[in-house]
Amino acid sequence: MKLRNFTATVAAATAAVMLLSGAAAHAACATDDLPGAVNRPGGFPARALTMVVPYGPAGGSGQVAQAMAQAVTDLTGVAINRDHKPGGSGTVGMTAYMATPADGYSVLEHIDDASSAHALDSSRPNPAQDLIPLVTSQITFNQIYIRANETRYTDWDSFVAWVKAQNGKATIANVSKEGSMERVLMKFITDATGMKIQQISFDKGAPRYGSLAGGQVDALFEQPGDVRKFLDSGLFKPILTILKERPSAFAATPSLLDAGLDFEPLYRFRGFFVHKGVPAERVAWLQWAFQKAYCEDSYQDFNESKYMTLIESFRDTAGSRELIANTIGQYRAVYQQMGLDVK
Amino acid sequence: METFSNFIGGTVALFSDPVGVLVFLGGVIGGMLFGAIPGVSMLTLAAILLPFTAHLSAEHGIMLFSVIYCTGVYGGAITAILFNIPGAPENAPTAFDGYPMTQNGRAGKAVGAAVMCSAIGGCLSAVVMMAATAPIAAWAISAFGPPEIFALVFFGLAVAASVGAKTFWKGWLSILAGLTIAVVGLDPVGGIARYDFNMPYLLAGIHFIPTILGFFAVSEIFIQAEKKARGVYRAPKMSVDFPTLAELVAHKIAIIRSIFIGFFCGILPGIGATLAAFMGYNEAVRWSRNRREFGRGKMEGVIASETANNAATGAAMIPLLALGLPGGALTAMMVGVFQMHDMEPGPLVFLNSADLVWVVFAAMFFANLSILLIGYLETRTIINLLRVPFQFLAPLILLLATVGAYAVRGLTVDIIAMFVAGVVGFFLRRSGYSVAGIVLGLILGKIGEQTFAQAMQMLHFEWSGFIGRPIALVLLIAGFITLFASIYRAFFKKSAGGAGPA
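Next comes the structure, spelled out in structure tokens:
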């Protein structure tokens, strides 16, 4: 009941409907109307930019950083050096970035973890207020997967029934760190269904996917872009889409509403930021470069390969701030409900 | 027979394409050079090249990375042997005996053993990879989950306690020190901060590469500087004598054992060549009748380590190609190369791009084979670095090590960690503790903690769950037997060998 109350109060604040409204293909791209070239203000940038990436080069964040850096360079001719500073679930990269000069030459790539970290501890930077979002370039949703050749259960309903029969012995591979999006969503699902399922935390993708492929766990919680190769090869199949409506690419997979689950979904999103104190004309140029680069063919192809076009991935500065603010509010309410020490 | 004809087809396709040959040679030489230079690694080269692979064909791009992987793993052995600076973590155990061999005037033998055994391990690994990629990958991921990997780590730690320390207690204290360092930072399962002292950079934990550079390279420079100051410094003797065939044949058991170990570790997602090298070395120590000779310049140590780490290269391609599961950082970057060409590694690659797969397989085989020739020529030249006077070489090594420590994650804390490890290592090595044990505790501790927590979650926090998993049970029993045997040797059979090698 509490969950219902909670979801009702935050429902209006979420961007779920907005997100789904952009489900159309990217033939007409969000920033097509922006000019193809903009004069550099006072010669800025006169040298290469540095993009601080708080994760390693091979993961989802590393890949989006590379794709966006390439697209900006193709568009503007300005080189971007990527400086990967992994560790501490993004904290190390954020700390390193905050120590760089506010001159516009350093930009930060970050994901929704920065928002949830601020929600739990307000002394951590608020990406919407302590930084200026240049663009949000990836927004995606979550799904639950099983092996395609699984015989013990074949769809969401039979999976729920099977898990309940295991009396807490069933397992799901996850990134179930304290306060993570995955753990929060799993709490919503287990509360709503009455399932008891053991979450096995894998912080790296390959062992996580291998655990399902090898039968070490019974299910997997993940975003579709990260397991696309397993979906395309027929190894995995989704049994639940954690969205209120079914995206066209997963028309046969039940959504939250189909499964009778009434809560607001949380999203994984990635974007690019710059210091708050950067001169306004430099911020304006960077906003143009990163937002326009979003619609470069190379970046759109990249997003499409990652299933990042199933819901609208683009947010400009104002849209990113709204998305982040809503997300922080959502997480904070959930954390309080979960009894976590919200500072 | 079909495998052989596919291999011939891949070989012909590789060597009949001039651009392919150029890419192959570039990868072989680049991998060796970047692997050999401390401070950079094959990962550095791969990261630099990654965007450019978009301009290559898929075949050339993926082949380039696989060749760099093979030769890069070997390249780091050179500096490990000559200067006690492992070019990469998987070469760290090579330094345990390789560097003492250099000090004893047997650098040529050590480098030669590394060249030949890297080639042997890599080539055989490539052959198995060609023959049985799909079934092995499927077996590995179904048979080895977190409980089995934890049990393997426990077994490794039990063996490692006898590596390099003067006494039983010093061996275990070294391992425990490494395990303690491993818990700094966020815990790998719950994300809880530990020992960060409110310093955000410590949340990233202490990385093992700066620690290796500190314990091995920096502390060695301090030790040699002290000898120089006291006037007892002896420059390493030059030697370009390669090991004879008879010497290699005499170590055939160690080679075969390391091939199995390397291959086995390589196919486990997220484990790879580093654990392979340490496990290969540990097992060589464990099965040796002359344990005390390890760490003092025993060729078998170099052979075991270098065979195992190269045997892991072909094996690591198995989960990548068959299932799309990268085993380490370089194979993860290879996924990026696949994706740049609108491909995904996994079962469909064998169906949709069989030609590509066989060119890559052939290239990996010949890359490992080329280690023999190019490694021989390289050794004849690079070994002359030993002629450089210490006062010029030491600052250069310190500079390269500093760059190497920083290059891992771009964090200043890694440079600090390296110098702290250097100072600590300087004193520990004088007092009979094992810096190898500390490094091994650090590397295995991170893997072990994570897989232990995952195993307990999977087993619903019931220890008895291990009994129901035969492979895990066997490895745990082997670990306990090793542990009790080392206690027995230390306390009841001191005259027959003590606690292990110095």
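These protein sequences, in sequence, are chains A and B.
Numbered by the working numbering, the letters in the first sequence go through residues 1 to 343 in order.
Numbered by the working numbering, the letters in the second sequence go through residues 1001 to 1502 in order.
Glycine included, each C-beta is placed from N, C-alpha and C at the ideal position.
None of the values given here were measured: they were computed from a predicted structure.
- With the criterion set as a beta carbon lying under 7 angstroms from some beta carbon of chain B, the region 318-342 of chain A has no members that meet it.
- By the beta-carbon neighbour count (other beta carbons within 10 angstroms, threshold 16), residue 285(A) is buried.
- Between residue 1189(B) and chain A, the shortest Cβ-Cβ separation is below 9 angstroms.
- Note that the region 1432-1448 of chain B touches the region 1204-1211 of chain B; at least 3 beta-carbon pairs, one per stretch, sit closer than 8 angstroms.
- In the DSSP annotation of this structure, residue 139(A) is not part of any alpha helix (DSSP H); the continuous beta strand (DSSP E) holding it starts and ends at 131-140.
- With fewer than 16 other beta carbons inside 10 angstroms of its own, residue 101(A) counts as exposed.
- Cα atoms of residue 1372(B) and residue 1071(B): separation of roughly 11 angstroms, rounded to the nearest angstrom.
- For the region 156-185 of chain A, the full-length beta strand (DSSP E) segments reaching 3 residues or more read 171-174 along the chain.
- Distance from the CA atom of residue 317(A) to the CA atom of residue 304(A), rounded to whole angstroms, is 22 angstroms.
- For the pair residue 1394(B) and residue 1231(B), the Cα-to-Cα distance works out to about 16 angstroms.
- The secondary-structure analysis by DSSP pairs residue 80(A) across a beta bridge with 49(A).
- Looking at 117(A), 320(A), 270(A), 78(A), the one whose alpha-carbon comes closest to that of residue 53(A) is 270(A).
- Annotation: the region 247-286 of chain A contains the following complete segments of the beta strand (DSSP E) (minimum length 3 residues), in chain order: 268-275.
- Partner residues in the beta bridge of residue 219(A), as assigned by DSSP, are 172(A).
- Counting C-beta pairs closer than 8 angstroms gives fewer than three between the region 1281-1293 of chain B and the region 1098-1115 of chain B, which falls short of the contact rule.
- A contact between stretches requires three or more CB pairs, one per stretch, nearer than 8 angstroms, and the region 1043-1062 of chain B fails this requirement with the region 1259-1270 of chain B.
- Under the DSSP definition of a beta bridge, residue 317(A) lacks any partner.
- For the pair residue 223(A) and residue 273(A), the CB atoms are not nearer than the 9 angstroms cut-off.
- Membership of residue 1226(B) in the alpha helix (DSSP H) is indicated by the continuous run 1219-1230.
- Under the three-state reduction of DSSP output, residue 110(A) falls in the strand class.
- Contacts with chain B (Cβ-Cβ distance below 8 angstroms) from the region 183-215 of chain A involve 198, 199, 200, 201, 202, 203, 204, 206, 207, 209, 210, 211, 213, 214, 215, listed in chain order.
- In terms of beta-carbon proximity, residue 1201(B) lines the interface with chain A, with at least one pair separated by less than 9 angstroms.
- The DSSP-derived three-state label of residue 1044(B) is helix.
- Here residue 1396(B) is exposed. Its C-beta has fewer than 16 other C-beta atoms within 10 Å.
- When the alpha-carbon of residue 1398(B) is set against those of 1417(B), 1033(B), 1221(B), the nearest one is in 1221(B).
- By the neighbour-count criterion, in which a residue is buried when 16 or more other Cβ atoms sit within 10 angstroms of its Cβ, residue 343(A) is exposed.
- When Cβ pairs closer than 8 angstroms are counted between the two stretches, the region 288-302 of chain A is seen not to touch the region 85-99 of chain A, the count staying below three.
- Proximity of chain A to residue 1066(B) at the Cβ level (cut-off 8 angstroms) is not reached, the minimal Cβ distance being about 16 angstroms.
- The criterion of a C-beta distance shorter than 9 angstroms is not satisfied by residue 117(A) and residue 325(A).
- Using a Cβ-Cβ cut-off of 7 angstroms, residue 178(A) is close to 1190, 1191, 1192 of chain B, given in chain order.
- Between residue 1035(B) and residue 1088(B), the C-beta spacing is below 9 angstroms.
- Excluding sequence positions up to five before and after residue 289(A), its CB lies within less than 6 angstroms of the CB of 72, 76, all in the same chain and listed in chain order.
- As summarised for the region 1283-1330 of chain B, the continuous alpha helix (DSSP H) elements at least 4 residues long and confined to that stretch are 1299-1323, given in chain order.
- Bounds of the alpha helix (DSSP H) holding residue 1135(B) are 1107-1143.
- Listed by position along chain A, the residues whose Cβ is nearer than 9 angstroms to that of residue 1469(B) form an empty set, because the closest Cβ is around 10 angstroms away.
- Taking a Cβ-Cβ threshold of 9 angstroms, none of the residues of chain A is close to residue 1055(B); the smallest such distance is about 12 angstroms.
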